[in-house]
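Notes follow once the structure below has been shown.
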Amino acid sequence: MFKTKYQNCCKLFLVIGFVYLFLVSIGLMSTAFKGFGSEFAENLIQTTSNPFIGLFIGILATSIVQSSSTTTSIIIGMVGGGVITMTNAIPIIMGANIGTTVTGILVSLGHIGRREEFRRAVSGGTLDGFFKIMCVCILFPIELATGVLGKMAVWISSMFVNIGGIKFTSPIKLATKPLIRFMQSMIMKVEFLQNIVNVVLLIVSLVFLFCSLYFIVKIMRSLVVKRAEIILNNVIGKYGILAIFVSLLFTAVIQSSSITVALMIPLIAAGILTVETMYPIVMGANIGTTVTAILASFATGNIAAVTTAFVHFLFNTVGLLIIYPLKPLRRIPVFLAKNLGNLAFKKRRYAIIYTLIVFFIIPVMFILISQLF
3 MFKTKYQNCC
13 KLFLVIGFVY
23 LFLVSIGLMS
33 TAFKGFGSEF
43 AENLIQTTSN
53 PFIGLFIGIL
63 ATSIVQSSST
73 TTSIIIGMVG
83 GGVITMTNAI
93 PIIMGANIGT
103 TVTGILVSLG
113 HIGRREEFRR
123 AVSGGTLDGF
133 FKIMCVCILF
143 PIELATGVLG
153 KMAVWISSMF
163 VNIGGIKFTS
173 PIKLATKPLI
183 RFMQSMIMKV
193 EFLQNIVNVV
203 LLIVSLVFLF
213 CSLYFIVKIM
223 RSLVVKRAEI
233 ILNNVIGKYG
243 ILAIFVSLLF
253 TAVIQSSSIT
263 VALMIPLIAA
273 GILTVETMYP
283 IVMGANIGTT
293 VTAILASFAT
303 GNIAAVTTAF
313 VHFLFNTVGL
323 LIIYPLKPLR
333 RIPVFLAKNL
343 GNLAFKKRRY
353 AIIYTLIVFF
363 IIPVMFILIS
373 QLF
């Protein structure tokens, strides 16, 4: 009995250690991609006033920098500085919401060596993407025709005109940043690596990602699979609204929906969570991540910047209110995610092809066509 408790305790500490390593890998990946693309994203956002191309710019820019918060912050700064109008910013924000879901798919690729795990991980990793694409399909034409999101955002922002910026630090970023900075500084000290720091950071992040995911799933299976499966699926499955609010608060504190969703994928891959159970967690995370942009906009003191931040909030909230309560609509992203997972089970390359087409090839193609004509 004592031996079993001691072994379980050791396994729990190992899980915590590997989860920390997993979070460090996400942070390293984000740092590397931001190093590759922040300036590129900023220049890209300024290239068009066409709302359709703005949507694809938002997808591409956010897929490159791996953070909707980064893209949204750039947009808020540009709107505040008068570089782009709020009308032009709204489609880019919608695109940014799709682009940020690429992190979930990249995390699911960490399970590519284990076919059954990969099937479940791809389903979990693409659920948010299909939901956001569906939101855009519904809300983008409505916004073009009526400007309803912009009008609602103007009305809400008028109540917050004189509120100053409130800032707090994500505890996860606080915990992982020292190691990320240490590794970055160590790489920069090596003379022949100085010009390829971001490439090395990306490689290291992928090694950490694959190793941590492998051991998290392996240990979690032996530790809590049956008990956790019953508790999580029954509790969250029955009380979806509660899961939305808990996820919203958790994401607002850690300031990243990508991390919330990424933390769920090893549980999905291990068979502890189902895609249906993950659904409300994703919905809450989508709204929770908008808090960062709203707080950042308050600091600018610019009404246009505050309005733009509330558009981000409204897109995710209205999307949830339209799709989630209606079962026929709610089932569509789950159906698509599960089917892509099944395809990836048969041919693993389908997950990679989907990622390249949706997040890079289609946006680049439309942006290039708009520049040529």
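This note's numbering runs 2 ahead of the 1-based position in the sequence shown.
Built from N, CA and C at the ideal position, the CB exists for glycine as well.
**Q.** Beta-carbon proximity of Ala245 to Gly286, cut-off 8 Å
**A.** Within the sequence shown, the letter at position 243 stands for residue 245. Within the sequence shown, the letter at position 284 stands for residue 286. Against a cut-off of 8 Å, the Cβ pair of Gly286 and Ala245 comes out as a contact.
**Q.** Chain-order list of residues whose beta-carbon lies under 8 Å from that of Leu322 (same chain, five-residue window excluded)
**A.** As a first step, residue 322 is located in the sequence shown; it is residue number 320 there, counting from the start. Only Ile246, Met285, Asn288 and Ile289 meet the Cβ criterion.
Q. Residue range of the alpha helix (DSSP H) that Leu323 falls in?
A. On the sequence shown, residue 323 is found 321 positions in, with the first residue counted as 1. Ile305 to Ile325 is the span of the alpha helix (DSSP H), which, as asked, contains Leu323.
Q.
Taking the alpha helix (DSSP H) that Met367 belongs to, which residues open and close that run?
A. Residue numbering aside, residue 367 sits at position 365 when the sequence shown is read from its first letter. Here the alpha helix (DSSP H) through Met367 covers Ile364 to Leu374.
Q: Would you mind giving the Cβ-Cβ distance between Phe312 and Ile158, rounded to the nearest angstrom? I have them listed as a contact below 8 Å.
A: Translated into the one-based positions of the sequence shown, residue 312 becomes position 310. Translated into the one-based positions of the sequence shown, residue 158 becomes position 156. Indeed they touch by this definition, with Cβ atoms about 5 Å apart.
Q. Just the Cα atoms here: how many angstroms apart are Ile100 and Phe362?
A. Taking the first residue of the sequence shown as 1, we reach residue 100 at position 98. Taking the first residue of the sequence shown as 1, we reach residue 362 at position 360. If I take the Cα positions, the gap works out to 12 Å.
Q) If you compare alpha carbons, which of Ile364, Gln186 and Pro335 is closest to Ser27? A) Counting from 1 along the sequence shown, the entry for residue 27 is found at position 25. If we check each option's Cα against that of Ser27, Gln186 comes out closest.
Q) Any heavy atom of the ligand FMN closer than 7 Å to the CB of Ile94? A) Summarising the ligand content, the structure contains no ligands, and the ligand FMN is consequently not present.
Q.
Using C-beta distances below 6 Å, list every residue in its chain close to Ile61, excluding the 5 sequence neighbours before and after it, in chain order.
A. Mapped onto the sequence shown, residue 61 falls at position 59. Once the five neighbours on either side are set aside, the close Cβ partners of Ile61 are Gly97, Ile100, Gly101 and Pro365.
Q | Span of the alpha helix (DSSP H) around Met2 | A | Residue 2 is absent from the structure shown; the chain starts at 3 and stops at 375.
Q: Check each candidate in Thr357, Gly82, Glu278 and Ile95 and name the one with the smallest Cα separation from Glu145.
A: Residue numbering aside, residue 145 sits at position 143 when the sequence shown is read from its first letter. The shortest C-alpha separation from Glu145 is found at Ile95.
**Q.** alpha helix (DSSP H) segment containing Ile377, residue limits
**A.** No answer is possible for residue 377: the residues shown for the chain start at 3 and end at 375.
Q. Alpha carbon to alpha carbon, what distance is there between Thr33 and Ile283?
A. Along the sequence shown, read from residue 1 onward, the residue named residue 283 stands at position 281. Along the sequence shown, read from residue 1 onward, the residue named residue 33 stands at position 31. Cα to Cα, Ile283 sits roughly 25 Å from Thr33.
Q. Expressed to the nearest angstrom, what Euclidean distance is found between the alpha-carbon atoms of Pro143 and Leu358?
A. Position 141 of the sequence shown holds residue 143. Position 356 of the sequence shown holds residue 358. Going by the C-alpha atoms only, they are around 25 Å apart.
Q | Separation of Leu204 from Ser69, as counted between CA atoms | A | Locating residue 69 in the sequence shown gives position 67, where the first residue counts as 1. Locating residue 204 in the sequence shown gives position 202, where the first residue counts as 1. Each residue's alpha carbon lies about 15 Å from the other.
(Q) Using 8 Å for Cβ pairs, my map puts Asn52 next to Ser249. What's the rounded Cβ distance? (A) Within the sequence shown, the letter at position 50 stands for residue 52. Within the sequence shown, the letter at position 247 stands for residue 249. Not quite, the Cβ-Cβ distance comes to about 35 Å (not below 8 Å), so this is no contact.
Q. For Ala306, which residues of its own chain have a beta-carbon under 7 Å away from its beta-carbon, when the five flanking residues on both sides are left out?
A. Here residue 306 corresponds to residue number 304 of the sequence shown, with the count starting at 1. Result list for Ala306: Val81, Gly82 and Met88, in chain order.
Q. First and last residue of the alpha helix (DSSP H) that includes Thr178?
A. Here residue 178 refers to the residue found at position 176 of the sequence shown. Segment Pro173 to Lys191, the alpha helix (DSSP H) holding Thr178.
Q: State the DSSP-derived secondary structure class of Val85, mapped to helix, strand or coil.
A: Position 83 of the sequence shown, counted from the start, is the residue given in the question as residue 85. Here Val85 sits in coil by DSSP.
Q.
Suppose you measure from the CA of Leu208 to the CA of Leu215; what does that come to, to the nearest Å?
A. One-based indexing of the sequence shown puts residue 208 at position 206. One-based indexing of the sequence shown puts residue 215 at position 213. So the two alpha carbons sit approximately 10 Å from each other.
Q: Note down the Cα distance separating Thr292 from His314, rounded to an integer number of angstroms.
A: Looking up residue 292 in the sequence shown gives position 290. Looking up residue 314 in the sequence shown gives position 312. The alpha-carbon atoms of Thr292 and His314 are separated by roughly 6 Å.
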